[in-house]
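*Asks:* Throughout the sequence shown, residue numbering follows UniProt numbering, covering 1 to 109 in sequence.
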Amino acid sequence: MRTMLDALVTGEALKLIHQCRNADAIDHFPSLQVGTRNVCAKVHPELADDIDQVCGLLGISKRRWLEAAFVEALDKTKAILQAEGVWEELGNRQPVTEPENVDLGGDAA
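(1) Can you tell me whether L90 is helix, strand or coil according to DSSP?
(2) Kindly indicate the opening and closing residues of the alpha helix (DSSP H) around G11.
(3) May I ask you to report which of helix, strand or coil DSSP gives V54?
(4) State the Cα-Cα distance for the pair H44 and E84, rounded to the nearest angstrom.
(5) For the alpha helix (DSSP H) that contains I80, what are its first and last residues?
(6) Rounded to whole angstroms, what is the Cα-Cα separation between C40 and E12?
(7) Which whole-angstrom value describes the C-beta separation of W65 and I51, a residue pair presumed to lie in contact below a C-beta threshold of 8 Å?
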């Protein structure tokens with residue numbers, strides 16, 4: 001568990017990073033949403049409830065949370081495919097975008 005000082009500094013540091021990246025601009029400017037596409041998936045009701053609760057607790061939209069989860073899942077998937085040599089097996093066909101440096105070992109700190 002973090003100390004009060006660690007929690008305060010970590011929280012403020014993450015807010016600053018978030019502001020610098022302007023991660024929520026698309027929520028505030030509907031005109032920027034022109035390039036978005038709808039991705040629908042039916043999920044178990046308990047999973048949907050958990051997502052609602054977490055997003056509510058964090059005060060973020062489900063769209064932002066799910067988009068971040070999708071990006072992370074795709075980056076990890078691409079990294080695994082590359083590490084396992086899938087692209088070579090498919091005739092050296094490379095992914096459309098290179099995966100970011102992703103820790104495949106476990107939980108984020």
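C-beta atoms are modelled at their ideal positions from N, C-alpha and C, and glycine is treated no differently. This structure is a prediction, so every number in the text was calculated from the model and none was measured.
*Replies:* On the basis of the data shown:
(1) The three-state reading of DSSP puts L90 in coil, since its state is none of H, G, I, E or B.
(2) Under the DSSP assignment, G11 falls in the alpha helix (DSSP H) whose first and last residues are M4 to R21.
(3) Judged by DSSP in its simplified three-state form, V54 adopts helix.
(4) Each residue's Cα considered, the two are about 31 Å apart.
(5) I80: member of the alpha helix (DSSP H) spanning K62 to A83, first to last residue.
(6) Near 34 Å, if we compare the C-alpha coordinates of E12 and C40.
(7) Cβ-Cβ separation between W65 and I51: approximately 7 Å, consistent with a contact (criterion under 8 Å).
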